[in-house]
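**Q** The structure under discussion is supplied below as structure tokens; questions concerning it will follow.
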Amino acid sequence: MTTAPRGDAPGDGRYGEAVFRPEQEGEGERIDFGALAYDDITVARLRALGAGPGWRCLDVGAGTGTVSRRLLEEAGVTGVLAVDRDVRFLLERPVTGLDVLEADITDPDFVPGRFRLVHARFVLMHLPGRERLITRLAELVEPGGVLVLSDAVDLTSGRTADGTADVTSDETGGPAAGTPYTSMMRAMWQALRDTIGTDVSWVPSYPRLLRGAGLAPVAAEIHVPPLEPGSPISRFWADTWERSRAPMLATGLVDDEAVDEAIRYLDSDACAALSAGMLTAWGRKPEETV
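As structure tokens, then:
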């Protein structure tokens with residue numbers, strides 16, 4: 001597995017190392033909860049863009065491989081190259097047509113070929129040099145193919161475009177009390193920013209960045225799964241908070257009691273909150289002219 005050097009500055013850690021380590025018990029299950037919340041939307045969009053027989057696809061940051069397998073089994077694509085920095089979950093469930101590559105897409109030597117579909121979900125938000133990476137991923141799309149990027153958009157934590165905390169106001173003009181959920185999401189985004197450099201503030205600029213990478217036409221959509229007791233997305237957030245508890249506490253925004261309260265809140269009928277959304281943007285590589 002290729003890894004980049006890590007320094008001592010905040011945000012200089014890596015996903016899967018500083019937090020969300022794949023060897024930690026239950027990490028694959030946490031990823032699968034996210035898949036249950038988002039895969040139907042993702043696969044429907046990929047199929048609507050034409051993914052099907054004859055397509056060779058690249059799935060970047062493939063995780064446990066749920067999207068890769070559904071492309072093969074439901075869309076009938078010819079093959080999928082699933083790439084991740086740790087491929088243990090991908091190797092657990094091999095299927096015909098699925099090739100697995102352990103690699104780091106930030107490595108300048110990452111040039112796996114050209115594909116009809118290049119897909120990355122919840123990957124770029126955790127990486128530095130995002131504009132450069134979008135350009136590199138666009139270069140891996142063959143003429144007539146599509147680049148599809150999905151990442152989180154924060155709808156609840158009161159952050160400004162530069163990532164600094166903002167104060168939400170209620171109808172009276174005073175500070176809004178929020179909920180245990182919104183307080184926890186604010187702490188989580190700050191903790192991930194401090195620990196591994198996660199930044200979702202720039203995700204709404206995806207369509208512009210795809211157009212800047214030479215793709216046209218481009219478009220985007222947002223899906224927000226409902227927070228309901230016992231739902232996959234609620235269980236995903238509860239597990240995510242547990243696994244990032246230490247860096248969340250380090251922000252000083254929450255304490256152990258607040259984390260426990262928020263996890264109970266997610267699993268109760270009192271929950272009245274809006275989950276983070278998934279913004280999906282796509283662009284097509286122009287056909288080559290003779």
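According to UniProt numbering, the residues represented by the sequence shown are 1 to 290, in order. Beta carbons are placed, not taken as given, at the ideal position from N, Cα and C, and that holds for glycine. Note that the structure is predicted; figures quoted are calculated from it, not measured.
Buried or exposed: where does A138 fall if 16 or more other Cβ atoms within 10 Å of its Cβ makes it buried?
**A** When all chains shown are included, A138 counts as buried.
**Q** Near P217, which residues of its chain fall below 8 Å by C-beta distance, leaving aside the five closest residues on each side in sequence?
**A** Contacts found: G283 and R284.
**Q** If you reduce the DSSP assignment to three classes, tell me which class S150 lands in.
**A** Correct three-state label for S150: strand.
**Q** Quick check on the burial criterion: 16 or more other C-beta atoms within 10 angstroms. Buried or exposed for P53?
**A** Exposed, since its Cβ has fewer than 16 Cβ neighbours within 10 Å.
**Q** Apart from the five residues just before and just after E23, which ones in its own chain have a Cβ nearer than 6 Å to its Cβ?
**A** Excluding sequence neighbours, E23 sits near nothing in its chain.
**Q** Starting from W189, follow the beta strand (DSSP E) in both directions and report where the run begins and ends.
**A** Not the beta strand (DSSP E): W189 falls in the alpha helix (DSSP H), residues P180 to I196.
**Q** What residues in its chain sit with their C-beta under 7 Å from that of L147, if we drop five residues either side in the sequence?
**A** So the list reads V118, L137, A138, V141, L210, L215, W282 and G283, once near-sequence residues are dropped.
**Q** Could you tell me whether the Cβ atoms of W189 and D154 are closer together than 8 Å?
**A** Closer than 8 Å, so yes.
**Q** Output needed for A37: all residues of its chain with C-beta closer than 7 Å, excluding positions within five of it in sequence on either side, in chain order.
**A** So the qualifying residues of the chain are P225, P232, I233 and F236.
**Q** Below 8 Å, can you find three or more Cβ-Cβ pairs linking the segment 85 to 96 to the segment 107 to 115?
**A** Result no; under three Cβ-Cβ pairs closer than 8 Å.
**Q** Any idea what DSSP makes of A273, helix, strand or coil?
**A** Coil.
**Q** So, for I222: in the same chain, excluding its five sequence neighbours on each side, which residues have a beta-carbon less than 8 Å away from its beta-carbon?
**A** Taken in chain order, the residues that qualify are V153, G277, M278, L279 and T280.
**Q** May I have the straight-line CA-CA distance separating W241 from T198, to the nearest angstrom?
**A** Cα to Cα, the separation comes out at about 15 Å.
**Q** Go ahead and pull the three-state DSSP assignment for G97.
**A** DSSP places G97 in coil when its eight states are reduced to three.
**Q** Are there 16 or more other CB atoms within 10 angstroms of the CB of P10, so buried, or fewer, so exposed?
**A** Reliability fails at P10, whose pLDDT of 47 lies under 50, so the model's placement of it is uncertain and the value that follows must be treated cautiously. By the 10 Å Cβ count, P10 comes out exposed.
**Q** Between the Cα of S244 and those of E228, I263 and L101, spot the shortest distance and give me the residue it belongs to.
**A** That would be I263, whose Cα lies nearest to the Cα of S244.
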